[in-house]
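Numbering-wise (numbering that gives the first Met the number 0), the sequence shown opens with residue 0 and increments by one.
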Amino acid sequence: MPESQEQTDLLKRINELAHKNKAEGLTAAEKKERQQLREQYLKNFREAFRSNIELMQLYDKSGKEVTPEKIKQIQRKRGLRDD
């Protein structure tokens, strides 16, 4: 799944702080920023992953749909299924 520009920017800043931490250490403010960035990155990742799973349809080798009922229900609630 391609990353959004926001995710790319978050990851870039997280990595900058990681390198600085290894080289010279972080201030208290930078540690707090790093934690907030990590939390935001994971939140965004989880939301995107959940959305991808909820949009997925699974089929067996014979072509019969075998999408789990829980996913089908979510898709119906979102108006993505008409069965």
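Ideal Cβ placement from N, Cα and C applies to all residues, glycine included. Since the model is a prediction, treat every value here as computed from it, not as a measurement.
Check, Outcome
"For GLU64, which of helix, strand or coil comes out of DSSP?", "strand"
"Kindly indicate the opening and closing residues of the alpha helix (DSSP H) around THR7.", "4 to 22"
"Let me check understanding here. Comparing Cα to Cα, which of PHE48, GLU2, LEU10 and LYS71 lies closest to LEU36?", "LEU10"
"Alpha helix (DSSP H) containing ARG49: first to last residue?", "27 to 54"
"In terms of alpha-carbon separation, which member of GLN6, GLU53, LYS76 and ASP59 lies closest to GLU38?", "GLN6"
"Looking at C-beta atoms only, is the number of pairs between the region 45 to 57 and the region 69 to 76 that lie closer than 8 Å three or more?", "yes"
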